[in-house]
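Numbering-wise, the sequence shown is residues 192 to 310 according to the numbering used here. All C-beta atoms, glycine included, are put in the ideal place defined by N, C-alpha and C. Structure record follows, encoded as structure tokens.
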Amino acid sequence: MVNCPQIWIILAALLCGLHVDANSHSVESQAETEGGLFTRETLLEMELHLPLDSLLNDVGEDPGYHGGTLVYFDSIGKRVELSIEARARGNFRKNPDNCNFPPLKLKFRKETVAGTVFD
């Protein structure tokens, strides 16, 4: 049985425009070897580890960034963990009356993503 935080993370990834294939155990990250994330149309399975309570409650006029981790598997199957910062974004969907889970803006540090699919 999938617990509630996993469902929210999957929904957040889909709302952010990230493609997550929850049924796949293999990753097709050929884009990584071909120059980056947006050079090919392949799926990249990933996990977002974020403090959901504080992130979902911080939806005011100027929401702050919350530290977290993005995990994915590279083209050779090696687990890659990247430190990220995330915040709620948007206007209409950031309001809890309109949307239960606001879209997220993810911020990566350049030195963290060097040599990864996000480079």
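- Comparing alpha-carbon positions, the option among L261, L235, S274 and N291 lying closest to D249 turns out to be N291.
- A residue is called buried once 16 or more other Cβ atoms fall within 10 Å of its Cβ, and F309 is buried on that count.
- In the structure shown, S245 adopts helical secondary structure according to DSSP, grouped into three states.
- Between T303 and L261, the CB-CB gap reaches or exceeds 7 Å.
- Scanning L241, F229, M237 and L228 for the CA closest to the CA of A279 turns up L241.
- According to the DSSP secondary-structure assignment, G259 is paired through a beta bridge with I275.
- A distance below 8 Å between beta-carbons, with the five flanking residues on each side excluded, links Y256 to the following residues of its chain, in chain order: E276, A277, R278 and K298.
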